[in-house]
Amino acid sequence: MVLKLWSIQKNRHFSNSEQLLNLTSTKDFVLLDINEKGVEETADECKILGATAHAFVVDCSNRNDIYRCAEKVKQDIGDVDILINNAGVIFGREFLELQDHQIEKTFSVNMLAHFWTAKSFLPAMMKNNRGHIVTVASVAGQVAVPYLVDYCASKSGVIGFHESLTSELKELGKDGVKTSCLCPVFVNTGFVQNPSTRVWPVLETEDVVKCLMEGILTNKKMIIVPSSVKYSLILNHFLPERVIAALTQMQDIQFSTPYRHDKKED
3 MVLKLWSIQK
13 NRHFSNSEQL
23 LNLTSTKDFV
33 LLDINEKGVE
43 ETADECKILG
53 ATAHAFVVDC
63 SNRNDIYRCA
73 EKVKQDIGDV
83 DILINNAGVI
93 FGREFLELQD
103 HQIEKTFSVN
113 MLAHFWTAKS
123 FLPAMMKNNR
133 GHIVTVASVA
143 GQVAVPYLVD
153 YCASKSGVIG
163 FHESLTSELK
173 ELGKDGVKTS
183 CLCPVFVNTG
193 FVQNPSTRVW
203 PVLETEDVVK
213 CLMEGILTNK
223 KMIIVPSSVK
233 YSLILNHFLP
243 ERVIAALTQM
253 QDIQFSTPYR
263 HDKKED
């Protein structure tokens, strides 16, 4: 089997080429990014390491752009066996400071892009009863984080997408099509600047990619990084609201983005 892996990127999020290449002994990558330089550099890294890599410049917030690229991939390269949706944007502003177009962008990239790529490649996976859809979400999709209202909501949405699609595939008897959802805490990717908490560690991309690979190879449905966070998430369903609020304040989540204190119209 020739692996064709479709990886949507954004700001080189989790684009550790060497570790991704360890996914399988067959290496055929399809890489997407709105950043032409970034996606070409990642493709070059893959080629240096002995893989075949196809780079495409795509705006993941544009449904038709995704559909056009997907058709080209299917015609020129073939079906995708592992789909990794890891595109993401974050503005990190107070809710009332968010511009409407920023909210729309957050949901278009962070959530809706998952629908369009799955609609493009899931039919072949279901026909062959083989494939894997990887949804990159965030622990922020399961907990409340101030100044990330749109981001948390979008990541909560893709977790719901993953869980519902997983259930539907099982109901349809397509047990050969696997699904995994990655939920890390803050990752040191440059996505946000100076992230810190009193409780959770700031992760390095190498550690997250390793957990992701292990999760894919073992068909793990929910990959929470670090795994210890899952106990906190379970407690959130049982603790009183005042306790959850106190714990959230105690975590002292800090970060900055270029938009954090910019109240001007973008």
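The numbering of the sequence shown is this note's numbering, which starts it at 3 and goes up by one. Every residue, glycine too, gets a C-beta built ideally from N, C-alpha and C.
Item to check | Per DSSP, cross-strand counterpart(s) of residue 256 | outcome: Numbered from 1 along the sequence shown, position 254 holds the residue referred to as residue 256. Residue 256 is bridged to 198.
Item to check | Beta-carbon contacts of residue 206 that lie in its chain and below 8 Å, excluding the five residues immediately before and after | outcome: Within the sequence shown, residue 206 is the residue found at index 204, counting from 1. Once the five neighbours on either side are set aside, the close Cβ partners of residue 206 are 189 and 190.
Checklist entry - Counting along the chain, where does the beta strand (DSSP E) carrying residue 184 start and finish? => result Residue numbering aside, residue 184 sits at position 182 when the sequence shown is read from its first letter. That run of the beta strand (DSSP E) goes 179-186.
Item to check | 8 Å CB neighbourhood of residue 45 in its chain, flanking five on each side removed | outcome: By 1-based counting over the sequence shown, the position of residue 45 is 43. Here the set comprises 31, 33, 55, 56 and 57.
Next on the checklist: Helix, strand or coil for residue 193? Go by DSSP, reduced to three states.
Outcome noted: Counted from its first residue, the sequence shown places residue 193 at position 191. In the structure shown, residue 193 sits in coil (DSSP, three-state: anything other than H, G, I, E or B).
Item to check | In chain order, each beta strand (DSSP E) run of at least 3 residues that lies wholly inside the stretch 27-61 | outcome: 30-35 and 54-59
Item to check | Reduced DSSP category for residue 138 - H, G, I as helix; E, B as strand; rest coil | outcome: Position 136 of the sequence shown holds residue 138. Residue 138: strand per DSSP, three-state reduction.
Next on the checklist: Restricting to runs no shorter than 4 residues, where is the alpha helix (DSSP H) found entirely within the stretch 117-173?
Outcome noted: With a minimum length of 4 residues, the unbroken runs of alpha helix (DSSP H) contained wholly in the stretch 117-173 fall at 151-173.
Item to check | Rounded separation between residue 265 and residue 101 - CA only | outcome: In the sequence shown, counting from the first residue as 1, residue 265 sits at position 263. In the sequence shown, counting from the first residue as 1, residue 101 sits at position 99. For residue 265, the predicted model reports a pLDDT of 42, less than 50, meaning its position is unreliable and no value from the coordinates is stated.
Checklist entry - Looking only at its own chain, which residues have a Cβ that is under 6 Å from the Cβ of residue 226, when we skip the five neighbours before and after it? => result As a working mapping, residue 226 is identified with position 224 in the sequence shown. Cβ within range, chain order: 185 and 232.
Next on the checklist: According to DSSP, is residue 231 part of a helix, a strand, or is it coil?
Outcome noted: Sequence index remark: in the sequence shown, residue 231 carries index 229 (1-based). It is helical.
Next on the checklist: On the CB-based measure, 16 or more other CB atoms within 10 Å of its CB, does residue 219 come out buried or exposed?
Outcome noted: Sequence index remark: in the sequence shown, residue 219 carries index 217 (1-based). Exposed, since its Cβ has fewer than 16 Cβ neighbours within 10 Å.
Checklist entry - Secondary structure at residue 84, three-state DSSP: helix, strand or coil? => result For the purposes of this step, residue 84 is taken as residue 82 along the sequence shown, with counting starting at 1. Here residue 84 sits in strand by DSSP.
Checklist entry - Taking just the CA atoms, how far does residue 96 sit from residue 259? => result To locate residue 259, count along the sequence shown from 1; it is residue 257. To locate residue 96, count along the sequence shown from 1; it is residue 94. Using only the alpha carbons, I get a separation of about 12 Å.
Checklist entry - Considering only C-alpha positions, which residue in the set 257, 146 and 88 is nearest to residue 182? => result Here the question's residue 182 lines up with position 180 in the sequence shown. Minimum Cα distance to residue 182 is reached at 88.
Item to check | Close-in-space but distant-in-sequence residues of the same chain around residue 49 (CB under 7 Å, 5 per side omitted) | outcome: Working through the sequence shown from its first residue, we reach residue 49 at position 47. The residues are 55.
Checklist entry - If you pair each beta-carbon of the stretch 121-134 with each one of the stretch 77-88, do three or more pairs fall below 8 Å? => result yes
Checklist entry - Can you list, in chain order, the residues of its chain whose CB lies under 6 Å from that of residue 180, leaving out five sequence neighbours each side? => result Taking the first residue of the sequence shown as position 1, residue 180 is located at position 178. Contacts found: 134 and 221.
Checklist entry - Taking Cβ positions, are residue 160 and residue 238 nearer each other than 8 Å? => result Working through the sequence shown from its first residue, we reach residue 160 at position 158. Working through the sequence shown from its first residue, we reach residue 238 at position 236. No, Cβ-Cβ distance for residue 160 and residue 238 is not below 8 Å.
Next on the checklist: Between the alpha carbons of residue 267 and residue 36, how many angstroms are there, rounded?
Outcome noted: As a working note, residue 267 is residue 265 in the sequence shown. As a working note, residue 36 is residue 34 in the sequence shown. Its pLDDT being 42, under 50, residue 267 is placed unreliably in this model, and the value from its coordinates should be taken loosely. Approximately 23 Å, taken between the alpha carbons.
Checklist entry - Which residues bound the alpha helix (DSSP H) around residue 69? => result Mapped onto the sequence shown, residue 69 falls at position 67. Residue 69 -> alpha helix (DSSP H) spans 65-78.
Next on the checklist: Per the DSSP calculation, residue 224 is bridged to which residue(s)?
Outcome noted: Taking the first residue of the sequence shown as position 1, residue 224 is located at position 222. Paired residues: 183.
Checklist entry - Who pairs with residue 338 in a beta bridge, going by DSSP? => result The question about residue 338 has no answer, for the chain in this structure spans 3 to 268.
Item to check | Contacting residues, own chain, Cβ-Cβ under 8 Å from residue 150 (five flanking each side not counted) | outcome: Here residue 150 refers to the residue found at position 148 of the sequence shown. 92, 94 and 142.
Item to check | Limits of the alpha helix (DSSP H) - the one that residue 105 falls within | outcome: Walking along the sequence shown from the start, residue 105 turns up at place 103. Run containing residue 105: 102-109, per the alpha helix (DSSP H) assignment.
Checklist entry - Thinking C-alpha only, which one of 66, 257 and 41 is nearest residue 147? => result Here residue 147 refers to the residue found at position 145 when the sequence shown is read from its first residue. Here the closest residue by C-alpha is 257.
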